[in-house]
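Take a look at the structure set out below.
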Amino acid sequence: MASNDSFPEESSPTPQPGDLIEIFRPAYQHWALYLGDGYIINLTPVVVRMQLLKEVVGGDSYRINNKYDDKYTPLPICDIIDRAQFLIGQEVSYDLLGNNCEHFVTLLRYGEGVSDQASRAIGAISFVTAAASAFSMLGMVHSRSRQRPF
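Residue numbers for the sequence shown, in this note's numbering: 3 to 152.
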């Protein structure tokens with residue numbers, strides 16, 4: 003499988019079947035799996051679609067990013083493609099934190115659904131929750147200290 007850790011240039015490698023494609027949208031990354039002949043499979047909210055890579059990318063940029071190959075062994079290409087093709091047109095539940103497009107394509111490639119975006123989002127939510135709790139506790143301590151008669 004090809005792997006590229008930088009944004010693609012004119013001479014960027016051609017994706018190979020089974021490669022993970024990271025598409026850079028203005029506020030997030032969308033993930034797809036390359037099938038071959040210019041086609042990808044991706045999870046759009048609710049439905050699994052097979053589309054041309056160039057149409058999905060549009061004016062955005064993309065890169066081949068098989069970033070979990072060091073951690074997980076990719077399944078055989080024929081298994082990846084068979085599993086992907088079986089799902090085309092199927093309705094799949096979508097959840098930003100638990101079952102997003104990155105989970106979907108990593109499940110196809112490795113048999114394990116993984117998402118750094120979801121992990122970062124969960125971490126950010128946890129931080130905000132902890133900070134809000136701390137500020138709430140500080141507010142309670144401060145208000146109690148003002149209510150004490152001296």
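Here a beta-carbon is modelled for each residue, glycine too, at the ideal position from N, C-alpha and C.
Please classify residue i as buried or exposed, where buried requires at least 16 neighbouring CB atoms within 10 angstroms.
i: PRO17; result: buried
i: SER117; result: buried
i: GLY91; result: exposed
i: LEU54; result: exposed
i: VAL130; result: Confidence is the limiting factor: at VAL130 the pLDDT is only 42, short of 50, which leaves the residue's position unreliable, though a coordinate-based value still follows. With fewer than 16 Cβ atoms within 10 Å of its Cβ, VAL130 is classed as exposed.
i: GLU114; result: exposed
With DSSP collapsed to three states, give me the class of residue i.
i: GLN18; result: coil
Look up residue i in the DSSP assignment and give the residues it is bridged to.
i: TYR41; result: GLY38, LEU54
Report the CB separation of residue i from residue j in whole angstroms; it is logged as a contact under 8 Å.
i: VAL49; j: GLU93; result: 6 Å
Restricting to runs no shorter than 3 residues, where is the beta strand (DSSP E) found entirely within the stretch 45 to 126? 50 to 54, 63 to 66
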